[in-house]
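Visitor:
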Ligand code: AMP
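In our numbering, the protein residues as written are 1298 to 1532.
1) Considering residue 1506, what are the terminal residues of the beta strand (DSSP E) in which it resides?
2) Which ranges would you report for the beta strand (DSSP E) in the region 1380-1464 if only whole runs of at least 3 residues count?
3) Would you say the beta carbon of residue 1362 comes nearer than 7 Å to a heavy atom of the ligand AMP?
4) Which word fits residue 1344, buried or exposed, when buried means at least 16 other C-beta atoms lie within 10 angstroms of its C-beta?
5) Under 8 Å, with one C-beta from each stretch per pair, do the region 1377-1389 and the region 1327-1337 reach the 3-pair mark?
6) At a cut-off of 7 Å, is residue 1471 close to the ligand AMP when judged by its beta-carbon and the heavy atoms of the ligand?
7) Determine the extent of the alpha helix (DSSP H) in which residue 1345 is found, giving its start and end residues.
8) Using the Cβ count rule (16 or more neighbours within 10 Å means buried), how would you classify residue 1513?
9) Could you have a look at residue 1312 and say whether DSSP puts it in helix, strand or coil?
10) If the criterion is Cβ atoms closer than 8 Å, does the pair residue 1244 and residue 1420 meet it?
11) Only counting the same chain, and skipping five residues up and downstream in sequence, which positions put a Cβ closer than 8 Å to that of residue 1498?
12) Alpha carbon to alpha carbon, what distance is there between residue 1346 and residue 1318?
13) Exposed or buried, what is residue 1348 when buried is set at 16 or more other beta-carbons lying within 10 Å of its beta-carbon?
14) Would residue 1322 and residue 1495 be called neighbours here (beta carbons separated by less than 8 Å)?
15) Any C-beta of chain D sitting closer than 8 Å to the C-beta of residue 1471?
16) Does the beta-carbon distance from residue 1485 to residue 1430 come in below 8 Å?
17) Given a threshold of 16 other Cβ atoms within 10 Å of its Cβ, counted over all protein chains shown, does residue 1407 qualify as buried or as exposed?
18) According to DSSP, is residue 1471 helix, strand or coil?
19) In chain order, what residues of the same chain lie with their CB nearer than 7 Å to the CB of residue 1482, ignoring the 5 residues before and after it?
20) Under 7 Å from any heavy atom of the ligand AMP, does the C-beta of residue 1392 make it?
21) With H, G and I counted as helix, E and B as strand and the rest as coil, what does DSSP make of residue 1537?
Written out as structure tokens, the structure reads:
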């Protein structure tokens, strides 16, 4: 795994459709730069599991593969970004997913993360991990997640040694509730309809950098690091 870089990085937004590999890349970025990964999907799943008020409101929407309301998600992200651990920088994985969320994030960063010492605006670097539709379907329908620690396998590309058992901790592998085929199609449609415009929004501002997510995973990581370090992600 990549060594940890000692420099700090500005906010990083990882865009990409479900199954593009955002989670994997976000973990590697977090490790290299020592900044937290903030995955709205993970935060929402935690809330569903703990049956919090937010979790109860989000559960059925998530099970259908639709997007949770902008207000709920923005409030959740706003709370999380107040954490001291976010001061040196952070990676948003799965957020923003709508034009309204992107606008909210710009305003939030402007107010909460304005860099007074340098009198400059805090702007995220946005990386789009791009993978074609058929490849995404295979990745998502084949995905199995370990119940204990969330280790991820794929029955088509990276099967466990023993069927339905995690190689690393022996726990049971399950299909995530929203990785069933009919839900996957809904999630991919939601992405095309609501999240593509977010990529276009950042593209128009010259802040979007695209990485081919169908390349081998380590190559994708190397390209993501190159974009971060080459395009102003470093403070
Ligand atoms: P993910 O793990 O990122 O694929 O997210 C799983 C599900 O959580 C999505 O299908 C949505 O229902 C919900 N979700 C995650 N992030 C967001 C977001 N930024 N806005 C709205 N809903 C979200």
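Cβ coordinates follow ideal geometry from the N, Cα and C atoms, glycine included.
Guide: For this structure:
1) Taking the chain shown and counting its residues from 1, one reaches residue 1506 at position 209. In this chain, the beta strand (DSSP E) harbouring residue 1506 covers 1505-1509.
2) If we require 3 residues or more, the beta strand (DSSP E) runs fully inside the region 1380-1464 come out as 1388-1390, 1422-1427, 1440-1443 and 1449-1451.
3) Within the chain shown, residue 1362 is the residue found at index 65, counting from 1. Because some heavy atom of the ligand AMP lies under 7 Å away, the Cβ of residue 1362 counts as near it: yes.
4) Translated into positions along the chain shown, residue 1344 becomes position 47. By the 10 Å Cβ count, residue 1344 comes out buried.
5) Because the criterion of three Cβ pairs below 8 Å is met, the region 1377-1389 and the region 1327-1337 touch.
6) The count along the chain shown starts at 1 and reaches residue 1471 at position 174. No.
7) Here the question's residue 1345 lines up with position 48 in the chain shown. Bounds of the alpha helix (DSSP H) holding residue 1345 are 1337-1346.
8) Indexing the chain shown from 1 puts residue 1513 at position 216. Here residue 1513 is exposed. Its C-beta has fewer than 16 other C-beta atoms within 10 Å.
9) Here residue 1312 corresponds to residue number 15 of the chain shown, with the count starting at 1. Residue 1312: strand per DSSP, three-state reduction.
10) Nothing can be reported for residue 1244: it is not among the residues displayed for the chain, which extend from 1298 to 1532.
11) By one-based count along the chain shown, residue 1498 stands at place 201. Sequence-distant partners of residue 1498 (beyond 5 residues in either direction) whose C-beta falls short of 8 Å from its own C-beta, in its chain, are 1396 and 1399.
12) In the chain shown, residue 1318 corresponds to position 21, counting from 1. In the chain shown, residue 1346 corresponds to position 49, counting from 1. For residue 1318 and residue 1346, the distance between alpha carbons rounds to 23 Å.
13) In the chain shown, the residue the question calls residue 1348 occupies position 51. Taking a 10 Å sphere around the C-beta of residue 1348, we find fewer than 16 other C-beta atoms and assign the residue as exposed.
14) Along the chain shown, read from residue 1 onward, the residue named residue 1322 stands at position 25. Along the chain shown, read from residue 1 onward, the residue named residue 1495 stands at position 198. One thing to note: residue 1322 has its Cβ no nearer than 8 Å to the Cβ of residue 1495.
15) Looking at the structure shown, chain D is missing, and only one protein chain is on hand.
16) As a first step, residue 1485 is located in the chain shown; it is residue number 188 there, counting from the start. As a first step, residue 1430 is located in the chain shown; it is residue number 133 there, counting from the start. It is a contact, given that the beta carbons lie within the stated cut-off.
17) Reading the chain shown from its first residue, position 110 is the one you call residue 1407. Label assigned to residue 1407: exposed.
18) Counting from 1 along the chain shown, the entry for residue 1471 is found at position 174. The answer is strand: DSSP assigns residue 1471 an E or B state.
19) For this step, residue 1482 is matched to residue 185 along the chain shown. Same-chain partners within the cutoff: there are none.
20) One-based indexing of the chain shown puts residue 1392 at position 95. Distance from the C-beta of residue 1392 to the nearest heavy atom of the ligand AMP is below 7 Å.
21) The chain is shown from 1298 up to 1532; residue 1537 falls before or after that span and cannot be answered.
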